[in-house]
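Participant:
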């Protein structure tokens, strides 16, 4: 509150014709603050521009607010922690060509570089010439690396053509994606040369006909059809059954080497592939079980960038898939080696697109 005597003093000087600035300067020189001088002149009726003045109490409130805000920010950082390191995602397909009504398996590999547990949501979309086919979603929690197999059924009336797969990984406010493609093609049914129609009256011949497949889904048996009956002959020794049998000591690591599993052998072969592809091939062959051998050889071929390794894969589908991966890298000499007619046609199409300057379909 400005002193009334100071206000009266200012009023007298103003009535005597003194300038406002002169009065203000006089008061400040006499020891009054600039703010008290302005308030006294304003109370005396002078026109004084408003000035921004913070009282000690106001300053205290502002200071306290800033401290409170800093405390809130610190608590938020404490409980939320630092932003997770960028994750990476890649997708690959077991086979590159399927028929309508069949199933396609997409392997999605997720890598977490800082080994700190992160929660994420994975979404895989499969689309074709007629639009979206299916969407698969899965919640993940990982602290290193993880492979997620996703199975998608292709409708029986699906159109032939190129289909795309897009894997989207969302974590926090970030997302990463990977895309790949496969072909849906009508598969022809080959009629054996020299077959004849079975007469209706030949009931005995019909009863001796073999079923479409005798596969009992056991890799340690040899499945054959004898006289119209399926026979499952045991394979001894059988590499991959978890028992170190006679004759397997030096040839089947997964059964006879302590603490050895198929994935560790595959990882070791991949690590060796860049410097010693033949040594890596031998490691793959030691797995014994053909499914693991073919998968290992395919990984070694890709890592060593050696297409000739693909030729040692026994499964026709896996070998063709291995070969066409080199076509996607620009080596179209493999097209002639692909056995599946539809996949070979796809390889030739890639070759023609490349020659015409048309971008190839997106690959992982």
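In my numbering, the protein residues as written are 933 to 1296.
Note that CB positions come from ideal geometry on N, CA and C, so glycine has one too.
1. At the level of alpha carbons, what is the spacing between residue 1096 and residue 1031?
2. With three or more beta-carbon pairs closer than 8 Å as the criterion, would you say the stretch 1254-1271 touches the stretch 1079-1089?
3. So what does DSSP say about residue 1063, is it helix, strand or coil?
4. Taking the alpha carbon of residue 1074 as the reference point, which residue from 1068, 1043 and 948 has its own alpha carbon closest?
5. For the putative contact between residue 1236 and residue 1212, defined by C-beta atoms under 8 Å, what is the C-beta separation to the nearest angstrom?
6. Kindly indicate the opening and closing residues of the alpha helix (DSSP H) around residue 1210.
7. Count the other CB atoms within 10 Å of the CB of residue 1114; is the residue buried (16 or more) or exposed (fewer)?
8. Could you tell me which whole alpha helix (DSSP H) segments of length 4 or greater appear in the stretch 1198-1280?
9. Let me check understanding here. Comparing Cα to Cα, which of 1118, 967 and 1240 lies closest to residue 1273?
10. Does the ligand PLP have a heavy atom nearer than 7 Å to the CB of residue 1035?
11. How would you call residue 950, buried or exposed, if buried means at least 16 neighbouring beta carbons within 10 angstroms?
12. Would you call the stretch 1040-1057 and the stretch 1274-1284 in contact, with 3 or more CB pairs under 8 Å?
13. For residue 1227, count the other beta carbons within 10 Å of its own beta carbon; 16 or more makes it buried, fewer makes it exposed. Which is it?
14. Rounded to whole angstroms, how far is the Cβ of residue 1253 from the Cβ of residue 1028, which I believe are closer than 8 Å?
15. Terminal residues of the continuous beta strand (DSSP E) containing residue 1173?
16. Kindly list the residues whose CB is nearer than 8 Å to the CB of residue 1180, restricted to its own chain and excluding five residues on each side of it in sequence; keep chain order.
17. Quick one: give me the first and last residue of the beta strand (DSSP E) that residue 1044 is part of.
18. Is it buried or exposed for residue 1335, if we count other Cβ within 10 angstroms and need 16 for buried?
19. Using a 10 Å radius around the Cβ and a threshold of 16 neighbouring Cβ atoms, would you call residue 1256 buried or exposed?
20. Could you tell me the alpha carbon to alpha carbon distance between residue 959 and residue 992, rounded to whole angstroms?
21. Does residue 1231 pass the burial test, meaning 16 or more other C-beta atoms within 10 Å, or should it be called exposed?
Facilitator: Reading it off the structure:
1. For the purposes of this step, residue 1096 is taken as the residue at position 164 of the chain shown. For the purposes of this step, residue 1031 is taken as the residue at position 99 of the chain shown. C-alpha separation (whole angstroms): 15 Å.
2. Taking a cut-off of 8 Å on C-beta distances, the stretch 1254-1271 does not touch the stretch 1079-1089, as fewer than three cross pairs fall below it.
3. Taking the first residue of the chain shown as 1, we reach residue 1063 at position 131. Residue 1063 falls in the strand class under three-state DSSP.
4. Counted from its first residue, the chain shown places residue 1074 at position 142. Of the candidates 1068, 1043 and 948, 1043 places its Cα closest to the Cα of residue 1074.
5. Taking the first residue of the chain shown as position 1, residue 1236 is located at position 304. Taking the first residue of the chain shown as position 1, residue 1212 is located at position 280. Between residue 1236 and residue 1212, the beta carbon gap of about 7 Å places them in contact (Cβ cut-off 8 Å).
6. Walking along the chain shown from the start, residue 1210 turns up at place 278. Judged by DSSP secondary structure, residue 1210 falls within the alpha helix (DSSP H) whose first and last residues are 1209-1217.
7. In the chain shown, counting from the first residue as 1, residue 1114 sits at position 182. Here residue 1114 is buried, its C-beta having at least 16 other C-beta atoms within 10 Å.
8. Here the runs fully enclosed are 1209-1217, 1222-1236 and 1248-1260.
9. In the chain shown, residue 1273 corresponds to position 341, counting from 1. Looking at the Cα atoms, 1118 is the closest of the given residues.
10. Absence of the ligand PLP from the depicted structure is noted, as is the absence of any ligand whatsoever, leaving it without description.
11. Your numbering for residue 950 matches position 18 in the chain shown. Exposed, since its Cβ has fewer than 16 Cβ neighbours within 10 Å.
12. Taking 8 Å as the limit for Cβ pairs, the verdict is that the stretch 1274-1284 does not touch the stretch 1040-1057.
13. In the chain shown, counting from the first residue as 1, residue 1227 sits at position 295. Per the 10 Å Cβ criterion, buried.
14. For the purposes of this step, residue 1253 is identified with residue 321 of the chain shown, where counting begins at 1. For the purposes of this step, residue 1028 is identified with residue 96 of the chain shown, where counting begins at 1. A Cβ-Cβ separation of about 5 Å places residue 1253 in contact with residue 1028 under the 8 Å criterion.
15. Locating residue 1173 in the chain shown gives position 241, counting from the first residue. Neither: residue 1173 is in no beta strand (DSSP E) and is coded neither H nor E.
16. For this step, residue 1180 is matched to residue 248 along the chain shown. Within the same chain, 1169, 1171, 1187, 1188 and 1220 come within 8 Å of residue 1180 by CB-CB distance, once the 5 residues on both sides are set aside.
17. As a position in the chain shown, residue 1044 is number 112, starting the count at 1. Bounds of any beta strand (DSSP E) do not take in residue 1044, whose DSSP letter is neither H nor E.
18. As displayed, the chain neither begins before 933 nor continues past 1296, which places residue 1335 out of reach and without an answer.
19. For the purposes of this step, residue 1256 is taken as the residue at position 324 of the chain shown. Counting of Cβ neighbours within 10 angstroms places residue 1256 among the buried residues, the total reaching 16 or more.
20. In the chain shown, the residue the question calls residue 959 occupies position 27. In the chain shown, the residue the question calls residue 992 occupies position 60. If I take the Cα positions, the gap works out to 28 Å.
21. For the purposes of this step, residue 1231 is taken as residue 299 along the chain shown, with counting starting at 1. Residue 1231 is buried by the Cβ-count criterion.
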